[in-house]
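Report on one structure; see the data block that follows.
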Amino acid sequence: MPPFADLISYFENSALADNIRENDLLFPLIESVHVVAICLVVGSILAVDLRLLGLASINRSVSRVTAGILPLTWGAFVVAVSSGSLLFISNATKYLGNGFFIAKIVLIAAAGLNMVIFHVIGAKDLPRWENDTRLPFQARLAGGVSILLWVAVVACGRWIGFTMPAG
6 MPPFADLISY FENSALADNI RENDLLFPLI ESVHVVAICL VVGSILAVDL
56 RLLGLASINR SVSRVTAGIL PLTWGAFVVA VSSGSLLFIS NATKYLGNGF
106 FIAKIVLIAA AGLNMVIFHV IGAKDLPRWE NDTRLPFQAR LAGGVSILLW
156 VAVVACGRWI GFTMPAG
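Residue numbers (my numbering): 6 to 172.
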């Protein structure tokens, strides 16, 4: 994978990565922004998932819940990816060697796939059932799987800091 290794090396050896890595305030500041953004992403997704499970906002349609929350979710996701990318380039080689980091990326991709599958298959007849208190099995399944995946993302993200090699 030389082209990929070259790309990683290019970013990891950049002036920006050096500044993030060497500055006593920059890495913790970016990390704090990343944590707040992840909290907003997971919290807002949890609100939608709980509606899909029939455990919250049952007096509101699914569309109404998502319309109010998803703009926040996507905005926070952009901030999380941006700040996470900055953290990544500061020690890209170490992150790529960390199993919890790899698991976090795979789990985020799985959560995205879960969302796509739900929207393509499960929500194709949304107008028919979105006002029901108890939603169809595929909606409840998507909500439950989503919660499990995002909890695992947070757990893996938390463990990255504990398992990164020093230096």
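Built from N, CA and C at the ideal position, the CB exists for glycine as well.
7 Å Cβ shell around residue i - same chain, five flanking residues per side excluded
i	result
Phe105	Cys161, Trp164, Ile165 and Thr168
Ala115	Leu154
Ala103	Per the sequence shown, residue 103 should be read as Asn rather than Ala. Ile165, Thr168 and Met169, listed in sequence order.
Neighbour-count burial assignment, residue i, 16 or more Cβ in a 10 Å radius
i	result
Val4	With the chain covering only 6 through 172, there is no way to say anything about residue 4.
Ala171	exposed
Ala81	buried
Thr138	exposed
Arg133	exposed
Ala144	buried
Ser19	exposed
Own chain partners of residue i with C-beta closer than 8 Å, once the 5 adjacent residues on each side are dropped
i	result
Asn119	Ala147, Val150, Ser151 and Leu154
Assumed close pair residue i, residue j - CB separation to whole angstroms, cut-off 8 Å
i	j	result
Phe16	Ala97	6 Å
Ile35	Leu92	6 Å
Ser66	Glu135	5 Å
Leu140	Gly59	6 Å
Ala52	Val70	7 Å
Val38	Thr78	That pair is no contact at about 16 Å.
Asn112	Ile13	Correcting the residue identity first, residue 112 is Leu in this sequence and not Asn. Contact flag wrong, Cβ pair sits at about 21 Å.
Same chain, Cβ closer than 6 Å to residue i, neighbours up to 5 away in sequence not counted
i	result
Ser95	Ala22, Ile25 and Arg26
Ser68	Glu135
Restricting to runs no shorter than 4 residues, where is the alpha helix (DSSP H) found entirely within the region 36-62?
none
Item to complete: Enumerate, from N- to C-terminal direction, the unbroken alpha helix (DSSP H) stretches of 4 or more residues contained entirely within the region 67-127.
Response: 67-95, 97-101 and 104-122
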